[in-house]
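Here is the structure we will look at.
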Amino acid sequence: MRMQPNVRFDHMVVAVEAEGEVHVMVELAAPDAPAVQRPPIDVVVVSDRSGSMSGEPLRAGIEATCGLLRLAGPDDRISVVAFDNAVQGVLPLQHHDAEAASRVVRSLETGGLTNLSGGWLKALEMLHGDTRQGALARIVLLTDGQANEGVTDDDRLASMAMSAASSGVSTSCIGFGADYSEKLLAAMASAGRGNDYWCAGPGQAGAV
629 MRMQPNVRFD
639 HMVVAVEAEG
649 EVHVMVELAA
659 PDAPAVQRPP
669 IDVVVVSDRS
679 GSMSGEPLRA
689 GIEATCGLLR
699 LAGPDDRISV
709 VAFDNAVQGV
719 LPLQHHDAEA
729 ASRVVRSLET
739 GGLTNLSGGW
749 LKALEMLHGD
759 TRQGALARIV
769 LLTDGQANEG
779 VTDDDRLASM
789 AMSAASSGVS
799 TSCIGFGADY
809 SEKLLAAMAS
819 AGRGNDYWCA
829 GPGQAGAV
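Numbers in this note's numbering are just positions in the sequence shown, counted from 1, shifted up by 628.
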């Protein structure tokens, strides 16, 4: 479909063989953009609430999660799992009212050790236990990567992410804090066919 031009002159009558200026306004009406179709997405956000995430890192992770809740489409489902040395289900895997769900997420507080593998495995269990035909299954891990409980070896964690990717569940990682484990999160994201980012603070969380 072509653009529709509309041309208007500032004078209706122009003198012949006389100097002067004539201003022309050209308006272009573009056709409506075609609707973008994409598959629905099932996402489990795995949020690190261990002691090392205290303060700004946890706040940034919370704001990133709330931003995702606001951006979710009507056919998307989001769950939130939090972990320190224990694993806590925060939101079930479903479509949520963004404001109500955000209030629940903002109640998270920091706790003890970092059982990263436990939180990630819980997310995988949820996605494998509630699959939808045609939906994309995603784990988004928000952490500083300082795993010190459960599986702590970088290679084993990356291998777990690779195995999940082969079954259709990708893993993306967002790092928080100045001392986050860049090597681990990059390895998990690469093996898990996802992406990895660093979030500098709450102000950047929405963009990430």
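Just so you know, even glycine gets a beta-carbon here, dropped at the ideal spot from N, CA and C.
query                                                                                                                                                                    : result
Pull up the distance between the alpha-carbon of Asn823 and that of Asn634, whole angstroms please.                                                                      : 46 Å
Report the option in Glu649, Thr693 and Glu810 whose CA atom is closest to the CA atom of Ala835.                                                                        : Thr693
So, using beta-carbon positions, are Val718 and Val733 closer together than 8 Å?                                                                                         : yes
State whether the stretch 762-772 contacts the stretch 724-739, with contact taken as three or more CB pairs (one from each stretch) at a distance under 8 Å.            : no
Taking its Cβ as the centre, do 16 or more other Cβ atoms sit within 10 Å of Leu697, making it buried, or is it exposed?                                                 : buried
Tell me the DSSP secondary structure of Gln832 in three-state form.                                                                                                      : helix
Under 8 Å, with one C-beta from each stretch per pair, do the stretch 664-679 and the stretch 706-713 reach the 3-pair mark?                                             : yes
Thinking just about the alpha-carbon of each residue, which of Arg687, Ala726, Glu727 and Met754 is nearest to the one in Pro720?                                        : Met754
Just mark Asp670 as buried or exposed, buried being the case when its beta carbon has 16 or more other beta carbons within 10 Å.                                         : buried
Are Ala688 and Cys827 closer than 8 Å when you measure CB to CB?                                                                                                         : yes
May I ask you to list the residues that DSSP assigns as paired with Asp839?                                                                                              : Since the first and last residues shown for the chain are 629 and 836, residue 839 lies out of range.
Along the chain, where does the alpha helix (DSSP H) that runs through Gly747 open and close?                                                                            : Leu744 to Gly757
In or out: Asp712 buried (at least 16 other Cβ within 10 Å) or exposed?                                                                                                  : buried
How is Arg766 classed by DSSP in three states: helix, strand or coil?                                                                                                    : strand
Would you grab the beta carbon distance between Leu741 and Glu684 for me? Rounded to a whole angstrom, and I think it's under 8 Å.                                       : Between Glu684 and Leu741 the Cβ distance is about 20 Å, and since that is not below 8 Å, they are no contact.
Could you pull out every unbroken alpha helix (DSSP H) segment of at least 4 residues lying fully inside the stretch 651-721, listed in chain order?                     : 684-699
With a threshold of 7 Å (Cβ to nearest heavy atom), would Leu719 be considered close to the ligand HEM?                                                                  : In the structure shown, the ligand HEM is absent, as is every other ligand, since no ligand is present at all.
Which residues mark the beginning and the end of the alpha helix (DSSP H) in which Arg784 is found?                                                                      : Asp782 to Ser794
Grouping DSSP H, G and I as helix and E and B as strand, with all else coil, what is Arg760?                                                                             : coil
Tell me whether Arg731 sits in a helix, a strand or coil according to DSSP, three-state version.                                                                         : helix
Alpha carbon to alpha carbon, how far is Leu699 from His724?                                                                                                             : 11 Å
Please report the Cβ distance between Ser745 and Ala789, rounded to the nearest whole angstrom; I am assuming they are in contact, meaning their Cβ atoms lie under 8 Å. : Not really, about 10 Å apart at Cβ, beyond 8 Å.
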